[in-house]
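Note sheet for the following structure.
Protein chains in written order, with this note's numbering: chain H, 1 to 495; chain R, 1001 to 1277.
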């Protein structure tokens, strides 16, 4: 596939727009409009920088893409959205040239459209149910809802039209939000809007949670997150960084000593899983969390300025097949690795990573190895990784997740020389709050148990996001935050 | 925030830094540590808390200069401040009445050891302290440790002070005597903790060690601090920092400590060349 520039996409869209504007479009017309590709930085160029890969639509591309929407009466796309955005409504506004209306419609339901437009897995949510995609028999041909969401969010920010939501008069009730990731940000905004005072406690020195430490700059520019955090501050939300709940203060202390009227726990899934194989503690084996945190939060990729070191790799193996594995693999390329191999024990079809991320990783030169998995890690005399021993797999019957179970093929061991191994096989729940809050009920995996309204086993304590549902997505965490915030607001208004 | 109250040079490479950190001072318990970042482009490093003053809202850190970050710390003057300090982190030491306890401090390991020794003494334990260092002028907190100890032994590698030899010699003698010690707490360089654990192993005396590994977040999120304990990976930040010394794979831990040695040396070298402070 030849790589088209932003300008080339733009002028092609402009030509087509002239053909389709000024007349009512039939369903057939709409289906005939080609799906607008996302302009990106050229692959071999972008692996030399950390800047965002996807460049965003031009107004022409956005309008043309918006014209593809059939405005289905039964609203299938909305059913796929965890926060029920009025998708056909905002897309129609873009088609009509009213970007302001479009962003206002989105913001009724979502607080972070510039983030979600970039990182939501639309192909398994709204876009999966899109009629256009279905009639073209390809989910990747659906209306590009996420790209349009990003377009209007960026349009609003670039035109300095972002406004902090209005805050009702002070109620003098205090809410603590633990963690400043997507769930915490949502709760803070929704609760603050009702006039309650909100304090966010964040363990790191920068707020934003996984949006800051986990997702790399090339997929989600940190500037965007910082602006969202600024909005919270403008609303009067107080953010206490370098404050570890469970250590600096415990949750019971927040309730009893500091007299918070309610608490929301959104601490995320912060405890990396390892494969528990031989040699996993060798030098050169990292959790994806560590590798990404060093690069993103501590800016170790900027070797000249940042003091935080990061490994200099030649040949990297990334173990896992999710979005975090893609982020780690693509970061490794940008940090100068000559070869990056992604090893996944099932096939590409079962891979949980977004199709777009996989495509980007492939374009950039990440080499994929399916139906293989590491069995042990071999190190040299100094304890540094020198190879991994892998096993070949085949797919058996579906397991409880519905995916076909990978079965190791006996005797298929082979050696693979690498100097770095990044383990990206998921996260478990962080133990800090659990350890210091005996009354808080958790399940066998350590996730906090919360009901459909976000209520935990403790009075006035709510929870949501990955600490409740296990490692999931930004939008699901936001959706849970919304629900918990509603419960908190109800509790406080009845008191 | 995080303003330096006093920075005192204790020996050639060791500095005692007292800084404002009221919340940490209040909630910290013996055995816990902090993480700090000196400036915006700096790295996060874990440091043990040697002492606190709740009333004054200060904590005291003992810093041995080993690289760029510790060098920058050593250069700070009172009134200047650190980008941030976070903590207290790690699990507190289990303080109880055990009976006869031997506390072993090697080099600046005496800094984290002191609050533990003090708390153990307050619980009524019979406290025997062994402090070791390469040479005489490297001892820290000697008077404070002496004040909480029932017996007090000093060792130097070169014989310039106290007994000549390693801390493991008096440790072995104490293990052979009756009454046998009920608990040993050894904090110091990894190699010292390893040999203390080897010394007590044949006597089946529980030996606690406190590990200081490479960390990024200190809250369980990165796993960079993991060590093999009894064949299982444990995170020093949330499972430790104290572990049963008989179960720790010190060899692997020492290798992991050197993971960034080359890059660290380069940064330190650059920093000295440019005379950054």
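Even for Gly, the Cβ is constructed at its ideal location relative to N, Cα and C. Computed from a predicted model, the values in this text were never measured in an experiment.
Closest by C-alpha distance to residue i, when choosing among the options
i, options, result
"residue 97/H", "59/H, 84/H, 291/H", "59/H"
"residue 216/H", "293/H, 319/H, 262/H", "293/H"
"residue 30/H", "319/H, 17/H, 403/H", "17/H"
"residue 421/H", "260/H, 250/H, 482/H, 337/H", "337/H"
"residue 473/H", "324/H, 175/H, 253/H, 287/H", "324/H"
"residue 304/H", "383/H, 335/H, 207/H", "335/H"
"residue 162/H", "235/H, 373/H, 146/H", "235/H"
"residue 116/H", "182/H, 65/H, 263/H", "182/H"
"residue 1031/R", "1273/R, 1268/R, 1208/R, 1215/R", "1208/R"
"residue 148/H", "57/H, 227/H, 425/H, 210/H", "57/H"
"residue 176/H", "252/H, 119/H, 105/H", "252/H"
"residue 269/H", "124/H, 374/H, 180/H", "180/H"
"residue 159/H", "191/H, 188/H, 100/H", "100/H"
"residue 340/H", "356/H, 363/H, 295/H", "363/H"
"residue 309/H", "1250/R, 1274/R, 1058/R, 1267/R", "1267/R"
Distance between residue j and residue i (C-alpha atoms, nearest Å)
i, j, result
"residue 445/H", "residue 354/H", "25 Å"
"residue 129/H", "residue 1072/R", "57 Å"
"residue 1112/R", "residue 1201/R", "23 Å"
"residue 290/H", "residue 1221/R", "8 Å"
"residue 284/H", "residue 419/H", "7 Å"
"residue 1084/R", "residue 468/H", "30 Å"
"residue 1162/R", "residue 1154/R", "5 Å"
"residue 478/H", "residue 230/H", "18 Å"
"residue 133/H", "residue 36/H", "13 Å"
"residue 327/H", "residue 171/H", "43 Å"
"residue 1192/R", "residue 1204/R", "18 Å"
"residue 267/H", "residue 450/H", "14 Å"
"residue 366/H", "residue 55/H", "21 Å"
"residue 399/H", "residue 273/H", "20 Å"
"residue 196/H", "residue 264/H", "13 Å"
"residue 1087/R", "residue 256/H", "21 Å"
"residue 66/H", "residue 143/H", "7 Å"
"residue 1260/R", "residue 312/H", "10 Å"
"residue 1147/R", "residue 1228/R", "36 Å"
"residue 262/H", "residue 435/H", "20 Å"
"residue 1029/R", "residue 1100/R", "22 Å"
"residue 192/H", "residue 167/H", "7 Å"
"residue 357/H", "residue 138/H", "17 Å"
"residue 72/H", "residue 90/H", "13 Å"
"residue 204/H", "residue 413/H", "42 Å"
"residue 1236/R", "residue 1033/R", "11 Å"
Cβ pair residue i, residue j closer than 8 Å
i, j, result
"residue 185/H", "residue 152/H", "no"
"residue 86/H", "residue 94/H", "no"
"residue 480/H", "residue 464/H", "yes"
"residue 1016/R", "residue 1060/R", "yes"
"residue 415/H", "residue 406/H", "no"
"residue 423/H", "residue 288/H", "yes"
"residue 383/H", "residue 1252/R", "yes"
"residue 260/H", "residue 202/H", "no"
"residue 1082/R", "residue 1036/R", "yes"
"residue 404/H", "residue 371/H", "no"
"residue 1264/R", "residue 1067/R", "yes"
"residue 452/H", "residue 187/H", "no"
Assigned secondary structure, residue i (DSSP; H/G/I helix, E/B strand, else coil)
i, result
"residue 1234/R", "strand"
"residue 1195/R", "helix"
"residue 1201/R", "helix"
"residue 314/H", "coil"
"residue 1141/R", "coil"
"residue 487/H", "helix"
"residue 1076/R", "coil"
"residue 1019/R", "strand"
"residue 380/H", "coil"
"residue 360/H", "helix"
"residue 257/H", "coil"
"residue 1258/R", "coil"
"residue 99/H", "helix"
"residue 132/H", "helix"
#### Entry: Continuous beta strand (DSSP E) assignments of at least 3 residues falling wholly in the segment 404 to 471 of chain H
404 to 408, 414 to 417, 420 to 423, 461 to 463
### Query
Along the chain, which unbroken stretches of the beta strand (DSSP E) at least 3 residues long are found entirely within the segment 1035 to 1103 of chain R?
The qualifying runs are 1045 to 1053, 1058 to 1064, 1084 to 1089.
### Task
Pick out the complete beta strand (DSSP E) segments inside the segment 273 to 327 of chain H, 3 residues or longer, and give them in chain order.
285 to 287, 315 to 319
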